[in-house]
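Structure, as structure tokens:
Put into structure tokens, the structure is as follows:
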């Protein structure tokens with residue numbers, strides 16, 4: 001086996017003496033190798049790490065460990081298809097999580113602080129629309145074919161739309177949404193549905209949040225322990241994209257079936273959205289004959305996982321979402337029951353308490369001040385528990401793979417310096 005010259009990390013799902021020797025010659029200051037085996041082996045070079053398992057039940061954990069060891073490195077995987085697929089997905093997730101935390105959570109917390117004002121508590125809508133169909137509208141190129149049909153669903157299904165889809169559709173959604181801390185302000189400002197009931201997370205871009213005129217419906221964050229502690233809320237599994245977020249809300253509300261339209265999650269002739277021009281990122285991924293993005297791939301995986309035991313229908317007519325497929329026109333024919341959904345939405349929202357949630361910003365700020373001064377009981381501080389350690393659990397993998405001599409001492413030093421940098425960034 002010839003190790004690729006352009007790779008930075010290689011994983012092999014079995015031990016072979018010749019490959020091990022080649023690995024020793026291939027590694028350098030930046031290259032690393034992971035070998036998985038059920039045999040007892042010891043590597044003579046810490047840059048070639050051997051992961052030993054006794055039972056196949058351990059393999060999933062090993063895959064996660066390797067994925068984080070390879071985070072932000074160009075990776076080649078030499079393994080059986082199932083192992084390769086799992087590692088590829090875990091590696092994508094690790095890269096996305098690290099990218100999201102590139103600024104150490106500063107932006108999302110700044111938005112959460114600025115957005116901390118009275119709003120409806122979204123979790124109180126649990127089961128409020130039981131067995132009412134929901135349409136999750138994406139902004140994919142295929143939406144141009146079907147968006148004219150959405151108006152026919154106004155009294156037959158709840159229409160959920162977020163992000164760029166708000167700039168594309170002509171009918172006001174029953175629920176609009178945004179979660180992006182850095183969503184383009186000019187684009188958001190031009191969407192016509194500022195009065196629609198609006199679902200959001202505290203991390204949402206504050207400039208965009210300030211434009212909302214309709215009912216504000218706050219849901220807990222999907223990944224920030226800090227935001228959820230400040231608001232006194234539990235984590236809300238909202239996936240990777242605004243489409244996932246809306247799907248999670250529809251599930252929470254008890255909607256069924258959940259119908260997807262415009263959810264291409266890939267490019268068509270290098271076009272990202274219907275009607276809206278968008279810059280194409282550099283790191284696209286080819287799947288078959290189409291190109292997609294890492295976050296879209298994770299969104300597909302998340303949707304597939306959530307579909308188990310639920311009725312999901314893909315009416316996108318194209319793309320890579322998968323699931324049970326049915327043209328939207330045919331879906332319309334199956335939706336025969338009518339409701340006064342605009343009225344019901346208002347009634348259910350008004351049942352939810354209008355509140356700020358718990359306001360723990362003062363406690364948060366005091367904890368940061370104490371940590372900057374230096375405290376003996378570090379682990380008792382909420383900022384340590386909800387910010388520093390969650391960030392370190394993500395970033396430590398980069399430090400650990402670079403440390404070879406006196407690893408314990410060096411890692412402890414790196415961690416202390418890392419904590420100082422994070423605290424300084426958070427003011």
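Numbering (the numbering used here), first residue to last: 1 to 427.
We put the beta carbon where it would ideally sit given N, CA and C, even for glycine.
Please say whether residue j and residue i have beta carbons closer to each other than 8 Å?
i, j, result
"residue 303", "residue 337", "no"
"residue 185", "residue 114", "no"
"residue 395", "residue 383", "no"
"residue 242", "residue 179", "yes"
"residue 140", "residue 322", "no"
"residue 125", "residue 14", "no"
"residue 372", "residue 423", "yes"
"residue 332", "residue 152", "yes"
"residue 254", "residue 237", "no"
"residue 266", "residue 235", "no"
"residue 285", "residue 294", "yes"
"residue 135", "residue 169", "no"
"residue 155", "residue 339", "yes"
"residue 219", "residue 201", "yes"
"residue 290", "residue 320", "yes"
"residue 425", "residue 106", "yes"
"residue 264", "residue 318", "yes"
"residue 411", "residue 419", "no"
"residue 225", "residue 74", "no"
"residue 133", "residue 259", "yes"
"residue 415", "residue 32", "no"
"residue 379", "residue 370", "no"
Apart from the five residues just before and just after residue i, which ones in its own chain have a Cβ nearer than 6 Å to its Cβ?
i, result
"residue 76", "4, 7, 10"
"residue 86", "63"
"residue 325", "314"
"residue 353", "121"
"residue 256", "131, 311"
"residue 100", "none"
"residue 360", "230"
"residue 83", "13"
"residue 81", "none"
For residue i, list the residues DSSP reports as bridge partners.
i, result
"residue 51", "36"
"residue 121", "218"
"residue 199", "177, 217"
"residue 100", "According to DSSP, residue 100 bridges with nothing at all."
"residue 59", "BP columns for residue 59 are empty, so no partner."
"residue 75", "9"
"residue 135", "159, 259"
Classify residue i as buried or exposed, calling it buried when 16 or more other Cβ atoms lie within 10 Å of its own Cβ.
i, result
"residue 356", "exposed"
"residue 191", "buried"
"residue 334", "exposed"
"residue 427", "exposed"
"residue 213", "exposed"
"residue 280", "exposed"
"residue 25", "exposed"
"residue 1", "exposed"
"residue 147", "buried"
"residue 182", "exposed"
"residue 111", "buried"
"residue 244", "buried"
"residue 56", "exposed"
"residue 227", "buried"
"residue 210", "exposed"
"residue 362", "exposed"
"residue 30", "exposed"
"residue 346", "exposed"
"residue 431", "Shown here, the chain extends from 1 to 427; a query on residue 431 therefore has no answer."
Leaving out five residues before and five after residue i in sequence, what residues of the same chain have Cβ atoms less than 7 Å from its Cβ?
i, result
"residue 193", "166, 172, 173, 176"
"residue 94", "67, 68, 71"
"residue 298", "92, 93, 96, 240"
"residue 34", "11, 49, 51, 66, 69"
"residue 216", "119, 120, 198, 200"
"residue 195", "213, 214"
"residue 274", "139, 140, 141, 143, 144, 168, 262"
Cutting at 8 Å between CB atoms, please list the residues of its own chain near residue i, excluding the five before and the five after it.
i, result
"residue 53", "36, 37, 38, 59, 62"
"residue 150", "135, 137, 159, 169, 170, 171, 261"
"residue 270", "280, 291"
"residue 42", "50"
Would residue i pass as an interface residue toward chain C - the criterion being a Cβ-Cβ separation below 8 Å?
i, result
"residue 427", "Reference to chain C is not applicable here, since this structure consists of a single protein chain."
Compute the minimum distance between the beta carbon of residue i and the heavy atoms of the ligand HEM, and state whether it is under 7 Å.
i, result
"residue 316", "By its list of ligands, the structure shown contains no ligand whatsoever, and the ligand HEM lies outside what it can speak to."
>> Please give me, in chain order, every unbroken run of the beta strand (DSSP E) with length at least 3 that falls completely inside the region 214-282.
In response: Within the region 214-282, the complete beta strand (DSSP E) runs of at least 3 residues are 216-218, 258-261.
> Of all the beta strand (DSSP E) runs that stay within the bounds of the region 286-358, which reach a length of 3 or more residues?
Replying inline: If we require 3 residues or more, the beta strand (DSSP E) runs fully inside the region 286-358 come out as 290-292, 312-314.
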